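Participant:
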Amino acid sequence: MNIITIAGRLGVDPEVRFTSNGQKVTTLRVAVNVRKSGKEDTIW
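Going by our numbering, the sequence shown opens with residue 108, and the numbers climb by one from there.
(1) Of the choices F125, V119, T133, whose alpha-carbon is the least far from that of I110?
(2) Alpha carbon to alpha carbon, what distance is there between I113 and V141?
(3) Distance check for R136 and E50, CA to CA, integer angstroms please.
(4) Could you tell me the boundaries of the beta strand (DSSP E) in which T112 lies?
(5) To the nearest angstrom, how far is it from the Cα of V119 to the Cα of W151?
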């Protein structure tokens, strides 16, 4: 089992699926705000 920590905002509900050999996989979209040269931007 892998354990990770992700900080940000979810763009949509996570999608859980299983591979052909039965492994569980979760896909999610996370947005974070960054500020560069005084300009704020959102990165997905």
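C-beta: ideal position from N, C-alpha, C; glycine also.
Just so you know, these numbers come straight off a predicted model, no measurement behind them.
Facilitator: Reading from the atomic positions:
(1) The count along the sequence shown starts at 1 and reaches residue 110 at position 3. Of F125, V119, T133, the smallest CA-CA separation from I110 is found for T133.
(2) Within the sequence shown, the letter at position 34 stands for residue 141. Within the sequence shown, the letter at position 6 stands for residue 113. The straight-line gap from Cα to Cα measures roughly 15 Å.
(3) Summary: the structure shown does not reach residue 50, with the chain confined to residues 108 through 151, and so no result is reported for it.
(4) As a working mapping, residue 112 is identified with position 5 in the sequence shown. Unbroken run through T112: none, as it is neither H nor E.
(5) By 1-based counting over the sequence shown, the position of residue 119 is 12. By 1-based counting over the sequence shown, the position of residue 151 is 44. The straight-line gap from Cα to Cα measures roughly 11 Å.
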